[in-house]
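Asker: According to the numbering used here, the stretch in the sequence shown is residues 6 to 340, in order.
I'd like to ask some things about the structure below.
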Amino acid sequence: MKRKEGFFIGLLLVMRYSLVAQEFPVQQQYLVNKFLLNPAYAGYLKCDEFRISHRQQWVGFDRGPMTPVISYHGRVWQGLGVGAYVFGDRNGLTNQSGGQLAVAYHINLSHAREVTHQLSFGLAMNYTYRWVNTSAFTDNVLIPNAGMSDPNVTGGGLLIPNFTTGVNYINRNFFAGISATNLMKNPVGLGELKNSTGAGEPYLPLSLFFNSGYYINLSPMWGIEPSATFKMDMNNRKQIDANMRIFYQSAFSKYVFFGVSLRSNINVPNLQTVMPMVGFKMDDLYFAFTYDVGLTSLQKYNYGSVGLMLGYNICRGKRIERAPCPAFRDKIIYK
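Below, the structure is given as structure tokens:
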């Protein structure tokens, strides 16, 4: 009985947040791929970066949110960088797929060819296609013996184009950036779905992401990187992530890191998530694993959320030195 009660609690949460609050399934993976958060990271270093990631939320919960992402970005000419990603997302009864095409321009502030002091500007065109799995209402997939469809939900999909812009600043061990997404006022409703006021389809609000961090050298082998990300939108929803990663330069890899992130919803004080993480870099191969534990009553009905990332870099040029911190140590600095 308790399991069934948890199922319907979770179902209501999924239905509620999948239509309006789950605008950013891709950006949630930014800790292992900053390009997903800010288009100004496209080609910010002189390497071609390939990433494949997958995030499965609420493991053990039927039809929990699931988001795979494939991304690429790299430097194509002097200060010009380009990037793209594609994704799929299933969240309860709603599904979406889409992608992004980004271009960035990087200004080298060090008056040298090394990438250690840089200001970057990025612009991206996004598209998302959303649809509702209406068969779940009529085929008794989610609700046994339902035997009926909701007249307010149709099976038609909705294509949502939009734009994202961002600025990023790097100065050796310090980085800071801001990005804004949903620059266009596009409807987010599906079919004939109306918002709670009945006034028509809701819109995706303009959303801002602030991200900053600093790498601290503790010794030639050890270092720590505290960082924070603040998110807000024009509907006054606010969220803050406090992150800490510890780096160790091991004998078998260029570095190993482990850390933790605490995510807090400012509007809902009891809605918090703790996310331990671990990863390594070996030559040009990258791997990261994350595990979310929700500090809410829903946690007892699932086994948390897991994320995996696999990446590979192709770097060009002449090696001149190792970078001073893991933000750059991910790659060798090249001329």
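Just so it is clear, CB atoms sit at the ideal spot from N, CA and C, and this is done for glycine as well.
Under three-state DSSP, which class holds Q101?
Answerer: Residue numbering aside, residue 101 sits at position 96 when the sequence shown is read from its first letter. DSSP places Q101 in strand when its eight states are reduced to three.
Asker: Got a sec, what are the start and stop residues for the beta strand (DSSP E) M249 sits in?
Answerer: By 1-based counting over the sequence shown, the position of residue 249 is 244. Its beta strand (DSSP E) spans residues K243 to Y253.
Asker: Measuring straight from C-alpha to C-alpha, what distance separates M239 and S255?
Answerer: The count along the sequence shown starts at 1 and reaches residue 239 at position 234. The count along the sequence shown starts at 1 and reaches residue 255 at position 250. So the alpha carbons of these two residues sit roughly 45 Å apart.
Asker: If you count every other CB in all the chains shown that lies within 10 Å of the CB of H116, and 16 or more means buried, which is it?
Answerer: Here residue 116 corresponds to residue number 111 of the sequence shown, with the count starting at 1. Counting Cβ neighbours within 10 Å, H116 comes out exposed, since fewer than 16 surround it.
Asker: Assign Y49 to one of three DSSP states: helix, strand, or coil.
Answerer: Working through the sequence shown from its first residue, we reach residue 49 at position 44. Y49 carries a coil assignment under DSSP once its states are collapsed to helix, strand and coil.
Asker: Could you tell me whether the region 222-230 touches the region 246-265, where touching means 3 or more Cβ pairs closer than 8 Å?
Answerer: yes
Asker: So, for N138: in the same chain, excluding its five sequence neighbours on each side, which residues have a beta-carbon less than 7 Å away from its beta-carbon?
Answerer: Counting from one through the sequence shown, the residue named residue 138 turns up at place 133. Answer for N138: L98 and N100, listed in chain order.
Asker: Confirm, please, whether the CB-CB distance from V311 to Y296 is below 8 Å.
Answerer: Here residue 296 is taken as the residue at index 291 of the sequence shown, counted from 1. Here residue 311 is taken as the residue at index 306 of the sequence shown, counted from 1. Against a cut-off of 8 Å, the Cβ pair of V311 and Y296 comes out as a contact.
Asker: With E230 as the anchor, note down where its beta strand (DSSP E) starts and where it stops.
Answerer: Residue mapping note: residue 230 aligns to position 225 of the sequence shown, counting from 1. Where E230 is concerned, the enclosing beta strand (DSSP E) stretches over W227 to D238.
Asker: Do G79 and P44 have their C-beta atoms within less than 8 Å of each other?
Answerer: Taking the first residue of the sequence shown as 1, we reach residue 79 at position 74. Taking the first residue of the sequence shown as 1, we reach residue 44 at position 39. Going by C-beta atoms, G79 is not nearer than 8 Å to P44.
Asker: Between T278 and the rest of its own chain, which residues show a CB-CB distance below 6 Å, the 5 nearest in sequence each way excluded?
Answerer: Numbered from its first residue, the sequence shown carries residue 278 at position 273. Counting only Cβ-Cβ distances below 6 Å, and skipping sequence neighbours, we find R268, D297 and G299.
Asker: Give the secondary structure of Q62 by DSSP, where H, G and I count as helix, E and B as strand, and everything else as coil.
Answerer: Position 57 of the sequence shown, counted from the start, is the residue given in the question as residue 62. It is coil, neither helix nor strand.
Asker: I221 to N178, Cα distance in whole Å?
Answerer: Counting from 1 along the sequence shown, the entry for residue 221 is found at position 216. Counting from 1 along the sequence shown, the entry for residue 178 is found at position 173. Whole-angstrom Cα-Cα distance: 7 Å.
Asker: Could you tell me which residues DSSP puts in a beta bridge with S258?
Answerer: Taking the sequence shown and counting its residues from 1, the one referred to as residue 258 is at position 253. Bridge partners of S258: none, in fact.
Asker: Relative to the alpha-carbon of P30, which residue among R56, P281, R60 and V37 has its alpha-carbon at the smallest distance?
Answerer: The count along the sequence shown starts at 1 and reaches residue 30 at position 25. For P30, the nearest C-alpha among the options comes from R60.
Asker: Using only the alpha-carbon positions, how far apart do L50 and L315 sit?
Answerer: Here the question's residue 50 lines up with position 45 in the sequence shown. Here the question's residue 315 lines up with position 310 in the sequence shown. Between L50 and L315, the C-alpha separation is close to 19 Å.
Asker: Buried or exposed: where does P274 fall if 16 or more other Cβ atoms within 10 Å of its Cβ makes it buried?
Answerer: Residue numbering aside, residue 274 sits at position 269 when the sequence shown is read from its first letter. So P274 ends up on the exposed side.
Asker: Cutting at 7 Å between CB atoms, please list the residues of its own chain near F126, excluding the five before and the five after it.
Answerer: For the purposes of this step, residue 126 is taken as residue 121 along the sequence shown, with counting starting at 1. So the qualifying residues of the chain are A45, A109, Y110 and V172.
Asker: Just the C-alpha distance for D288 and V91, rounded to the nearest angstrom, thanks.
Answerer: As a working mapping, residue 288 is identified with position 283 in the sequence shown. As a working mapping, residue 91 is identified with position 86 in the sequence shown. Distance between the alpha carbons of D288 and V91: 26 Å.
Asker: Should W63 go down as buried or exposed, given a rule of 16 or more other Cβ atoms within 10 Å for buried?
Answerer: The count along the sequence shown starts at 1 and reaches residue 63 at position 58. It is buried - the Cβ of W63 has at least 16 other Cβ atoms within 10 Å.
Asker: Report yes if the C-beta distance between V261 and F285 is below 8 Å; otherwise report no.
Answerer: For this step, residue 261 is matched to residue 256 along the sequence shown. For this step, residue 285 is matched to residue 280 along the sequence shown. In this structure, F285 lies closer than 8 Å to V261 by Cβ.
Asker: State the beta-bridge partners of T72 as determined by DSSP.
Answerer: Residue numbering aside, residue 72 sits at position 67 when the sequence shown is read from its first letter. Per DSSP, R60.
Asker: Is G182 helix, strand or coil when you go by DSSP?
Answerer: Taking the first residue of the sequence shown as 1, we reach residue 182 at position 177. DSSP places G182 in strand when its eight states are reduced to three.
Asker: For T169 and L41, what's the separation of their Cα atoms in angstroms?
Answerer: The residue labelled residue 169 in the question sits at position 164 within the sequence shown. The residue labelled residue 41 in the question sits at position 36 within the sequence shown. Answer to the nearest angstrom: the Cα atoms are 11 Å apart.
Asker: Determine the DSSP secondary structure at Y291, reduced to helix, strand or coil.
Answerer: What you label residue 291 is simply residue 286 of the sequence shown in a count that begins at 1. Looking at Y291 - three-state DSSP - the assignment turns out to be strand.
Asker: Are Q105 and V74 closer than 8 Å when you measure CB to CB?
Answerer: In the sequence shown, the residue the question calls residue 105 occupies position 100. In the sequence shown, the residue the question calls residue 74 occupies position 69. Against a cut-off of 8 Å, the Cβ pair of V74 and Q105 comes out as no contact.
Asker: In this structure, does DSSP put K286 in helix, strand or coil?
Answerer: Walking along the sequence shown from the start, residue 286 turns up at place 281. Residue state, collapsed to three classes: strand.
Asker: From what residue to what residue does the beta strand (DSSP E) around Y90 run?
Answerer: As a first step, residue 90 is located in the sequence shown; it is residue number 85 there, counting from the start. Unbroken beta strand (DSSP E) run through Y90: L85 to N96.
Asker: Applying the 10 Å Cβ sphere with the 16-neighbour rule, what's the burial state of I325?
Answerer: Here residue 325 refers to the residue found at position 320 when the sequence shown is read from its first residue. Here I325 scores only 39 on pLDDT, less than 50, and its place in the model should not be relied on; the value that follows carries that caveat. Answer is exposed; the Cβ neighbour count stays below 16.
Asker: Could you pull out every residue in the same chain whose Cβ sits closer than 7 Å to the Cβ of Y253, ignoring the five residues on either side in sequence?
Answerer: Locating residue 253 in the sequence shown gives position 248, where the first residue counts as 1. So the list reads M226, W227, Y260 and V261, once near-sequence residues are dropped.
Asker: CB-CB under 8 Å to N241, same chain, minus the five flanking residues each way: which ones, in chain order?
Answerer: One-based indexing of the sequence shown puts residue 241 at position 236. Contacts found: N272.
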